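For reference, the structure discussed in these notes is given below.
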Amino acid sequence: ACLVHLQSYFNFLPEDFLDLDLCRAKKKRHMAGSEIACFIAEWYDPEPQMTKEFIVKVYVEDAMVEMFDKKTRRCFLKKCKLPTNLSVGDFMKGEKVHLHSRLLYLSDYGDLYTATKLGPNSEKQGHVLLTPDAYQNLGHILQCFAEKGFQIDKLRSVAIPASAAEELAVLLLNGDRSTGTGDVVALSHLLTTGMVLVYELQGRGGNSDVTELVTGLQRSFGSGNVERAVWAPPDLRDFWGKGFPTSARLRDSTCAVVRPHAVKEGKLPAILQAILDDSGLTITAMEMFRLELSEAEEFLEIYEGVRVEYREMVVEMSKGKCVALELSPSPFDQSTTGDQVVQRFRAVAGPWEQAIAKDLFPQSIRGKFGIDNIRNALHCTDLPQDGVSECAFFFDLQQR
1 ACLVHLQSYF
11 NFLPEDFLDL
21 DLCRAKKKRH
31 MAGSEIACFI
41 AEWYDPEPQM
51 TKEFIVKVYV
61 EDAMVEMFDK
71 KTRRCFLKKC
81 KLPTNLSVGD
91 FMKGEKVHLH
101 SRLLYLSDYG
111 DLYTATKLGP
121 NSEKQGHVLL
131 TPDAYQNLGH
141 ILQCFAEKGF
151 QIDKLRSVAI
161 PASAAEELAV
171 LLLNGDRSTG
181 TGDVVALSHL
191 LTTGMVLVYE
201 LQGRGGNSDV
211 TELVTGLQRS
221 FGSGNVERAV
231 WAPPDLRDFW
241 GKGFPTSARL
251 RDSTCAVVRP
261 HAVKEGKLPA
271 ILQAILDDSG
281 LTITAMEMFR
291 LELSEAEEFL
301 EIYEGVRVEY
311 REMVVEMSKG
321 KCVALELSPS
331 PFDQSTTGDQ
341 VVQRFRAVAG
351 PWEQAIAKDL
361 FPQSIRGKFG
371 IDNIRNALHC
381 TDLPQDGVSE
391 CAFFFDLQQR
């Protein structure tokens, strides 16, 4: 009766937070000295064509997992070791995990302990903007944030129109006593000369630590009062959505996608820097996406019936955040065509077969960062005629 009375006052809380069995389990967890993370997971069952919900418990120290049907509370998967393709760190709210042939979407935390431990209050956000003068050091700069414990939550490149450049320049320079009218004009011009990269970070220090780190990076990568390369604006909400257009050109280009496993493993900065240093091409657009299974199928449909690993490729591409890139000829290269761009980057990416990439092309991107044929770090356009259309999938269709 007491529980019902309390629930009438706290009906905004998920039922799991007030579940007596769960409370007992939490008490037992602490008595046993082990840590259990609990999540609500969704799985789409294709047979009845309906989404089912489960409670997933992850035993942190033992690297074990068990599942219960959320509606009936019956055991669906007995406590067992995590499969080799998963680690405890893969289980986070908003992520997808492939557990014993089922692709689960972790839609929410399953108890108050996990929500408190892993929720947004424990991982503060920070905002970063890179101006075009940071371009050659994109990977190095991202790596500096990673080494301080920050992870990228959102990432997008934009083209700053002249009509908005001055307002943004004033925002970035706000509070700097050394700023003059000339600096605003110079920064306004700089913002319109190339790709501007914006991203949000997750990290326990929050925006104050990001600002401190940015100040140090400006000394390392900047070259003047205006050409500071890295900025920490107070807010970036206008950059997500249709407020600013993507920087993609959608002509004479090829597409690359840093696969979810490589993003999750922290390889994105090194892969970006390798592309900048070795490809001879220009990154003209980039953005972080989380593809649904149907979207991954659509993007990779050319490989259906061609690659025996097609289904595994689709699952991998939809398992988490990926980063799509548009690569184009250098602005100083007037002779390279779109077909040649595709072929040139394929050589930089390396062979699809991971064993061949490791043995014969160890300096290729797949040779350095790939694991196997499915987790080979990078997708790249294979057919010359598909370069622009693959870029358009991300930088046109996904923008609508």
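Start counting the sequence shown at 1; every next residue gets the next number (full-length UniProt numbering). The C-beta atom is built at its ideal place from N, Cα and C for all residues, glycine as well. Given the structure is predicted, the values throughout are model-derived calculations rather than measurements.
So isoleucine 271 is in the alpha helix (DSSP H); what residue range does that whole segment cover?
The residue given as residue 271 occupies position 271 in the sequence shown. Its alpha helix (DSSP H) spans residues 268-278.
Please report the straight-line C-alpha distance between threonine 84 and threonine 116, rounded to a whole angstrom.
Residue 84 sits at position 84 when you count from the first residue of the sequence shown. Residue 116 sits at position 116 when you count from the first residue of the sequence shown. When rounded, the distance between both Cα atoms is 28 Å.
Look at the alpha carbon of leucine 173 and the alpha carbon of tryptophan 231, and state the distance between them as a whole number of angstroms.
As a first step, residue 173 is located in the sequence shown; it is residue number 173 there, counting from the start. As a first step, residue 231 is located in the sequence shown; it is residue number 231 there, counting from the start. Between leucine 173 and tryptophan 231, the C-alpha separation is close to 9 Å.
Proximal residues to valine 263 (C-beta, below 7 Å), its chain only, five neighbours per side dropped
As a working mapping, residue 263 is identified with position 263 in the sequence shown. Gly320, Lys321, Cys322, Val323, listed in sequence order.
Does the contact criterion of 3 or more C-beta pairs under 8 Å hold for the region 361-376 versus the region 244-251?
no
Span of the alpha helix (DSSP H), counted from its first residue to its last, around arginine 311:
As a first step, residue 311 must be located in the sequence shown, where it is residue number 311. Looking at the DSSP string, the run of the alpha helix (DSSP H) that includes arginine 311 is 310-317.
What are the residues that DSSP puts in a beta bridge with cysteine 322?
The residue you call residue 322 lines up with position 322 of the sequence shown. Phe289, per the DSSP bridge assignment.
To the nearest angstrom, report how far apart alanine 165 and proline 132 are at their CA atoms.
Counted from its first residue, the sequence shown places residue 165 at position 165. Counted from its first residue, the sequence shown places residue 132 at position 132. Whole-angstrom Cα-Cα distance: 13 Å.
Please determine if the region 132-149 and the region 254-274 are in contact, where contact requires at least 3 C-beta pairs separated by less than 8 Å.
yes
Inter-residue Cα distance where the pair is threonine 336 and valine 58:
Locating residue 336 in the sequence shown gives position 336, counting from the first residue. Locating residue 58 in the sequence shown gives position 58, counting from the first residue. So the alpha carbons of these two residues sit roughly 52 Å apart.
Give the range of the beta strand (DSSP E) segment to which histidine 116 is assigned.
To locate residue 116, count along the sequence shown from 1; it is residue 116. Checking the sequence, you will find threonine at residue 116 rather than histidine. Taken as a continuous stretch (DSSP letters only), threonine 116 belongs to no beta strand (DSSP E), being part of the alpha helix (DSSP H) at 112-118.
Segment contact flag, the region 98-112 with the region 188-204, C-beta cutoff 8 Å, min 3 pairs:
no
Between Gly280, Ser294, Asp90, Gly182, which has its C-alpha nearest phenylalanine 332's C-alpha?
What you label residue 332 is simply residue 332 of the sequence shown in a count that begins at 1. Nearest C-alpha to phenylalanine 332: Gly280.
What residues match up with cysteine 380 in a beta bridge as DSSP calls it?
Mapped onto the sequence shown, residue 380 falls at position 380. Beta-bridge pairing links cysteine 380 to Ala256.
Quick one: what's serine 220 bridged to in DSSP?
The residue labelled residue 220 in the question sits at position 220 within the sequence shown. DSSP lists no partner for serine 220.
Can the beta-carbon of leucine 293 be found less than 7 Å from the beta-carbon of serine 318?
The sequence position of residue 293 within the sequence shown is 293, counting from 1. The sequence position of residue 318 within the sequence shown is 318, counting from 1. Leucine 293 places its beta carbon less than 7 Å from that of serine 318.
Is alanine 392 helix, strand or coil when you go by DSSP?
As a position in the sequence shown, residue 392 is number 392, starting the count at 1. Helix at alanine 392.
Whole runs of the beta strand (DSSP E) within the UniProt domain "DM10" (33-122), excluding any shorter than 3 residues:
36-45, 50-59, 64-69, 75-81, 96-99, 102-109
If we ignore side chains and look at the alpha-carbon of each, how far apart do alanine 285 and proline 161 end up?
One-based indexing of the sequence shown puts residue 285 at position 285. One-based indexing of the sequence shown puts residue 161 at position 161. A direct Cα-Cα distance of roughly 15 Å separates alanine 285 from proline 161.
Of the residues Arg400, Pro329, Pro48, which one's Cα is nearest the Cα of glutamine 343?
Translated into the one-based positions of the sequence shown, residue 343 becomes position 343. That would be Pro329, whose Cα lies nearest to the Cα of glutamine 343.
When burial is assigned at 16 or more other CB atoms within 10 Å of the CB, is alanine 349 buried or exposed?
Counting from 1 along the sequence shown, the entry for residue 349 is found at position 349. It counts as buried.
Measure the CB-CB distance between residue 446 and alanine 159 and report whether it falls below 7 Å.
Outside the modelled stretch of the chain, which goes from 1 to 400, sits residue 446, for which no answer is possible.
Alpha carbon to alpha carbon, how far is valine 258 from phenylalanine 369?
Within the sequence shown, the letter at position 258 stands for residue 258. Within the sequence shown, the letter at position 369 stands for residue 369. Cα-Cα distance, rounded: 10 Å.
Which value, in whole angstroms, describes the spacing of the CA atoms of glutamate 390 and threonine 381?
Numbered from 1 along the sequence shown, position 390 holds the residue referred to as residue 390. Numbered from 1 along the sequence shown, position 381 holds the residue referred to as residue 381. Glutamate 390 and threonine 381: Cα-Cα distance of roughly 7 Å.
Do you know whose CA, among Leu77, Gly119, Trp43, lies nearest alanine 37's CA?
Here the question's residue 37 lines up with position 37 in the sequence shown. Comparing Cα-Cα distances from alanine 37 to each of Leu77, Gly119, Trp43, the minimum goes to Gly119.
Hey, quick one: how far does the alpha helix (DSSP H) through isoleucine 141 stretch, first residue to last?
In the sequence shown, the residue the question calls residue 141 occupies position 141. Here the alpha helix (DSSP H) through isoleucine 141 covers 138-147.
Find out if the Cβ-Cβ distance for the pair phenylalanine 150, leucine 201 is shorter than 7 Å.
Translated into the one-based positions of the sequence shown, residue 150 becomes position 150. Translated into the one-based positions of the sequence shown, residue 201 becomes position 201. Against a cut-off of 7 Å, the Cβ pair of leucine 201 and phenylalanine 150 comes out as a contact.
Residues in the same chain with beta-carbon distance under 6 Å from aspartate 90, minus the five sequence neighbours each way, listed in chain order, please.
By one-based count along the sequence shown, residue 90 stands at place 90. Val97, listed in sequence order.
Neighbourhood of methionine 67 by C-beta, 6 Å cutoff - its chain only, sequence neighbours within 5 removed:
Counting from one through the sequence shown, the residue named residue 67 turns up at place 67. These residues qualify, in order along the chain: Phe54, Val56, Phe76, Leu77.
Given that a residue counts as buried once 16 or more other Cβ atoms are within 10 Å of its Cβ, and exposed if not, what is glycine 203?
Taking the first residue of the sequence shown as 1, we reach residue 203 at position 203. Buried.
Integer-rounded CB distance, given that isoleucine 283 should sit under 8 Å from leucine 325
The residue given as residue 325 occupies position 325 in the sequence shown. The residue given as residue 283 occupies position 283 in the sequence shown. So it is a contact: roughly 6 Å between Cβ atoms.
Specify the secondary structure class of threonine 336 as computed by DSSP and reduced to three states.
Against the sequence shown, residue 336 aligns to sequence position 336. Three-state DSSP puts threonine 336 in coil, outside helix and strand.
Is arginine 344 helix, strand or coil by DSSP?
As a first step, residue 344 is located in the sequence shown; it is residue number 344 there, counting from the start. Three-state result, arginine 344: helix.
Excluding the 5 residues flanking leucine 217 on each side, which residues of the same chain have their C-beta closer than 8 Å to its C-beta?
Taking the first residue of the sequence shown as position 1, residue 217 is located at position 217. Closer than 8 Å at Cβ, skipping near neighbours: Ile141, Cys144, Ala229, Val230.
With a threshold of 6 Å on Cβ separation, who are the neighbours of glutamate 297 within its own chain once the five nearest residues in sequence on each side are excluded?
Locating residue 297 in the sequence shown gives position 297, where the first residue counts as 1. So the list reads Val314, once near-sequence residues are dropped.
Determine the contact status of alanine 146 and proline 269, defining contact as a CB-CB distance below 7 Å.
Position 146 of the sequence shown holds residue 146. Position 269 of the sequence shown holds residue 269. Contact flag set, yes.
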